[in-house]
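Residue numbers (the numbering used here): 11 to 543.
Quick look at the structure:
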């Protein structure tokens with residue numbers, strides 16, 4: 011995305027230009043606006059525009075002043091003049107500072123689009139004419155980043171190796187008292203999707219450039235991405251809390267206003283040796299995870315962490331209930347408990363990212379254990395959402411909420427789609443089980459737990475599979491077997507009653523007559539006569 015600054019004293023003109031630029035569908039982003047040259051010059055270093063579209067006549071300071079300053083100090087910036095005046099002096103000035111074009115108001119989208127395409131071509135041509143010095147600098151930057159990444163992750167620990175590599179990359183082994191700041195970004199994925207075509211690395215790259223420019227202009231230091239390329243470390247060559255606070259406030263304001271992402275950070279204890287970078291990184295990480303989830307806190311210092319504070323344990327009971335609901339495939343309870351957990355987190359202003367990660371890990375482990383206990387054909391569709399490594403990427407309540415809504419939806423979808431498989435498999439299993447145990451004191455609840463179903467859900471599933479309720483089905487099996495014994499054996503009716511699960515012969519006779527229309531004695535006689543005939 012090419013960054014544009016608009017300069018015009020009329021706000022409606024700036025808004026109109028913004029819309030027209032958007033309508034061109036070119037890879038352009040209006041990063042800032044100014045009402046005169048003075049204000050524009052104060053914003054250039056912060057927003058780093060590549061293109062400036064400016065009016066000529068403005069109160070306090072005009073377009074000529076702005077073009078002079080840009081031409082003297084920011085030769086890489088391309089200027090487009092949009093003016094309501096066709097005066098020769100203005101045009102002559104625009105030509106003298108190599109303005110790309112001079113457009114007269116009112117301008118059309120066709121004229122603006124043509125000029126902007128020309129500007130983009132010029133910028134791309136200049137990028138292609140990269141000097142060998144710039145290429146070397148780029149390679150050095152990449153090598154420095156890899157070196158820092160290896161240090162913070164302990165992939166390089168030998169002091170001699172560190173000394174050799176630091177010398178090669180011109181990085182001092184000792185420096186003034188410094189702090190390591192670990193920066194994470196809330197709303198990162200949405201911002202990348204909305205403004206960078208989903209390219210997170212490109213968004214992080216732009217943030218990195220802005221941070222390095224700030225350091226170069228204010229205090230010395232280094233900026234490098236973490237291994238996962240979603241966070242940024244700042245080796246800030248100052249341990250002065252006021253300087254750190256001012257820098258973070260500046261960073262936060264810029265990226266929030268222009269990239270729609272919110273900064274949170276963890277800050278290490280001061281250190282002076284490059285070999286202590288890994289320790290500082292661990293401290294900054296711990297400090298980052300002590301930021302609260304629901305309060306608008308920007309950063310946390312490692313030395314401000316309350317080591318005596320116990321971790322907050324919430325939702326333990328809800329997680330247990332959720333696990334049982336998954337095992338019993340109770341969809342309403344699954345939805346209800348996911349909702350409860352999300353609501354409880356949203357209302358707790360004391361919960362930190364560390365607490366949230368612990369909660370999420372417990373939740374994931376519990377869900378995995380519950381899913382293992384039940385057989386779901388589409389389990390592979392849920393598994394990607396249960397990746398434990400993704401837990402530490404959650405740095406906001408919104409992420410936690412979206413993640414768990416997705417998990418809930420996938421579980422519900424899998425259980426819903428699996429019902430037909432449940433019915434088919436259950437019919438075979440339950441028929442076998444009841445045929446083997448019909449003469450025992452069994453109940454619907456017993457069989458539901460035997461096959462890991464919630465009783466109410468099992469009752470509905472059973473009726474759907476067998477076309478009759480459980481009690482009616484069990485009685486029919488008992489009477490069916492009693493009929494066989496009555497016709498094929500000479501056993502006493504009292505003994506047959508016990509054999510099919512009825513200890514009370516009188517109750518057995520009542521049930522038998524209700525189902526067959528005969529008493530056991532009558533059925534024996536009729537059945538024997540039918541066999542004889």
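We treat Cβ as the ideally placed atom computed from N, Cα and C, and that holds for glycine.
Predicted model, so just to flag it, every value in this text is computed and none were measured.
*Report buried or exposed for residue 68, applying the criterion of at least 16 other Cβ atoms within 10 angstroms of its Cβ.*
As a first step, residue 68 is located in the chain shown; it is residue number 58 there, counting from the start. Classification for residue 68: buried.
_Considering only their Cβ atoms, is the gap separating residue 503 from residue 530 smaller than 7 Å?_
Residue 530 sits at position 520 when you count from the first residue of the chain shown. Residue 503 sits at position 493 when you count from the first residue of the chain shown. Their beta carbons are under 7 Å apart, which means residue 530 touches residue 503 by this criterion.
*For residue 413, name the three-state secondary structure that DSSP assigns.*
Here residue 413 is taken as the residue at index 403 of the chain shown, counted from 1. In this structure, DSSP gives residue 413 a helical state, which the three-state scheme calls helix.
*Pair every Cβ in the region 299-309 with every Cβ in the region 342-350, then say whether three or more of these pairs are closer than 8 Å.*
They do not touch, by the three-pair rule.
_Is it buried or exposed, residue 114, if we count other Cβ atoms within 10 angstroms and call 16 or more buried?_
The sequence position of residue 114 within the chain shown is 104, counting from 1. Counting Cβ neighbours within 10 Å, residue 114 comes out exposed, since fewer than 16 surround it.
*asked:* Here's the rule: buried if 16 or more other CB atoms are within 10 angstroms of the residue's CB, otherwise exposed. What is residue 15?
replied: The residue given as residue 15 occupies position 5 in the chain shown. With a threshold of 16 other beta carbon atoms within 10 Å, residue 15 meets it and is buried.
*Helix, strand or coil at residue 88 [DSSP, three-state]*: Taking the chain shown and counting its residues from 1, the one referred to as residue 88 is at position 78. In this structure, DSSP gives residue 88 an extended state, which the three-state scheme calls strand.
*So which of 258, 292 and 11 has the shortest CA-CA distance to residue 308?*
Stepping through the chain shown from its first residue, residue 308 is reached at position 298. Out of 258, 292 and 11, 258 has the C-alpha closest to the C-alpha of residue 308.
*For the beta strand (DSSP E) that residue 235 lies in, which residues bound it at each end?*
To locate residue 235, count along the chain shown from 1; it is residue 225. Element bounds for residue 235: 231-235.
*Since residue 56 is in the alpha helix (DSSP H), which residue starts that stretch and which ends it?*
The residue labelled residue 56 in the question sits at position 46 within the chain shown. For residue 56, the uninterrupted alpha helix (DSSP H) segment begins and ends at 47-57.
*Using beta-carbon positions only, say whether residue 176 and residue 249 come within less than 7 Å of one another.*
For the purposes of this step, residue 176 is taken as residue 166 along the chain shown, with counting starting at 1. For the purposes of this step, residue 249 is taken as residue 239 along the chain shown, with counting starting at 1. Between residue 176 and residue 249, the C-beta spacing is not below 7 Å.
*For residue 283, which residues does DSSP report across the bridge?*
Counting from one through the chain shown, the residue named residue 283 turns up at place 273. Residue pairing for residue 283: DSSP places it in a beta bridge opposite 184.
*Have a look at residue 487 and residue 445 and give me their C-alpha separation to the nearest angstrom.*
For the purposes of this step, residue 487 is identified with residue 477 of the chain shown, where counting begins at 1. For the purposes of this step, residue 445 is identified with residue 435 of the chain shown, where counting begins at 1. Cα-Cα distance, rounded: 7 Å.
_residue 165 versus 295, 349 and 237, residue with shortest Cα-Cα distance_ = If you number the chain shown from 1, residue 165 lands on position 155. By alpha-carbon distance to residue 165, the top candidate from 295, 349 and 237 is 237.
*Is the Cβ-Cβ distance between residue 47 and residue 82 less than 7 Å?*
The residue you call residue 47 lines up with position 37 of the chain shown. The residue you call residue 82 lines up with position 72 of the chain shown. Residue 82 sits away from residue 47, with the two beta carbons spaced by 7 Å or more.
*asked:* Distance check for residue 341 and residue 242, CA to CA, integer angstroms please.
replied: Mapped onto the chain shown, residue 242 falls at position 232. Mapped onto the chain shown, residue 341 falls at position 331. Rounded to the nearest angstrom, the two C-alpha atoms are 41 Å apart.
*Just the C-alpha distance for residue 221 and residue 410, rounded to the nearest angstrom, thanks.*
Within the chain shown, residue 221 is the residue found at index 211, counting from 1. Within the chain shown, residue 410 is the residue found at index 400, counting from 1. Approximately 28 Å between the Cα atoms of the pair.
*Would you check if the distance between the CB atom of residue 28 and the CB atom of residue 123 is smaller than 7 Å?*
Within the chain shown, the letter at position 18 stands for residue 28. Within the chain shown, the letter at position 113 stands for residue 123. Residue 123 is positioned such that its CB atom lies no closer than 7 Å to that of residue 28.
*Indicate whether residue 526 and residue 517 have their beta-carbon atoms separated by less than 7 Å.*
Residue numbering aside, residue 526 sits at position 516 when the chain shown is read from its first letter. Residue numbering aside, residue 517 sits at position 507 when the chain shown is read from its first letter. The beta carbons of residue 526 and residue 517 sit no closer together than 7 Å.
_Of the residues 183, 206 and 287, the one placed nearest residue 160, counting alpha carbons only_ = On the chain shown, position 150 is the one that residue 160 refers to. The residue with the shortest Cα to Cα distance from residue 160 is 287.
*Check whether the Cβ atoms of residue 395 and residue 372 lie closer than 7 Å to each other.*
Working through the chain shown from its first residue, we reach residue 395 at position 385. Working through the chain shown from its first residue, we reach residue 372 at position 362. Their beta carbons are not under 7 Å apart, which means residue 395 does not touch residue 372 by this criterion.
*For the alpha helix (DSSP H) containing residue 466, list its first residue and its last residue.*
Position 456 of the chain shown holds residue 466. It spans 465-476 - the alpha helix (DSSP H) in which residue 466 sits, taken as one unbroken run.
*Between residue 268 and residue 407, is the Cβ-Cβ spacing less than 7 Å?*
As a position in the chain shown, residue 268 is number 258, starting the count at 1. As a position in the chain shown, residue 407 is number 397, starting the count at 1. Against a cut-off of 7 Å, the Cβ pair of residue 407 and residue 268 comes out as no contact.
*Do you know how far the Cα of residue 218 is from the Cα of residue 261?*
On the chain shown, residue 261 is found 251 positions in, with the first residue counted as 1. On the chain shown, residue 218 is found 208 positions in, with the first residue counted as 1. Looking at the two C-alpha atoms, the distance is approximately 10 Å.
*Write down every uninterrupted run of the alpha helix (DSSP H) in the region 342-428 whose length is 4 residues or greater and which is fully enclosed by it, in chain order.*
Taking 4 residues as the minimum length, the alpha helix (DSSP H) runs contained wholly in the region 342-428 are 363-383 and 407-427, in order along the chain.
*Could you round the C-beta distance between residue 192 and residue 291 to whole angstroms and report it? I think they count as a contact, below 8 Å.*
On the chain shown, position 182 is the one that residue 192 refers to. On the chain shown, position 281 is the one that residue 291 refers to. Contact holds; Cβ gap of about 7 Å.
_Inter-residue Cα distance where the pair is residue 630 and residue 323_ = Residue numbering for the chain in the displayed model covers 11 to 543; residue 630 lies beyond these limits and cannot be assessed.
_residue 542, DSSP secondary structure in three states_ = The residue given as residue 542 occupies position 532 in the chain shown. For residue 542, the predicted structure reports a pLDDT of 42, less than 50, and the residue's modelled location is therefore unreliable. A value from the coordinates is still provided. Correct three-state label for residue 542: helix.
*Give me whichever residues DSSP pairs with residue 61 in a beta bridge.*
Indexing the chain shown from 1 puts residue 61 at position 51. In the DSSP output, where bridge partners are listed per residue, residue 61 has 14 and 88.
*Take the Cβ of residue 120 as the centre, count every other Cβ of all protein chains shown within 10 Å, and call the residue buried at 16 or more, exposed below.*
Taking the chain shown and counting its residues from 1, one reaches residue 120 at position 110. Under this definition residue 120 is an exposed residue.
*asked:* For residue 12 and residue 194, I'd like the C-alpha separation in whole angstroms.
replied: Indexing the chain shown from 1 puts residue 12 at position 2. Indexing the chain shown from 1 puts residue 194 at position 184. The straight-line gap from Cα to Cα measures roughly 24 Å.
*Among all the DSSP beta bridges, which residues are the ones paired with residue 302?*
Along the chain shown, read from residue 1 onward, the residue named residue 302 stands at position 292. Beta-bridge analysis with DSSP links residue 302 to 362.
*asked:* Can you give me the C-alpha to C-alpha distance between residue 23 and residue 87, rounded to a whole angstrom?
replied: For this step, residue 23 is matched to residue 13 along the chain shown. For this step, residue 87 is matched to residue 77 along the chain shown. When rounded, the distance between both Cα atoms is 21 Å.
_If you reduce the DSSP assignment to three classes, tell me which class residue 545 lands in._
Because the chain here runs from 11 to 543, residue 545 falls outside it and cannot be looked at.
*Opening and closing residue of the beta strand (DSSP E) in which residue 111 lies*: Taking the first residue of the chain shown as 1, we reach residue 111 at position 101. It spans 111-114 - the beta strand (DSSP E) in which residue 111 sits, taken as one unbroken run.
*Just confirm the distance between the C-beta atoms of residue 283 and residue 312, as a whole number of angstroms; I'd bet it's less than 8 Å.*
Here residue 283 refers to the residue found at position 273 when the chain shown is read from its first residue. Here residue 312 refers to the residue found at position 302 when the chain shown is read from its first residue. Not really, about 17 Å apart at Cβ, beyond 8 Å.
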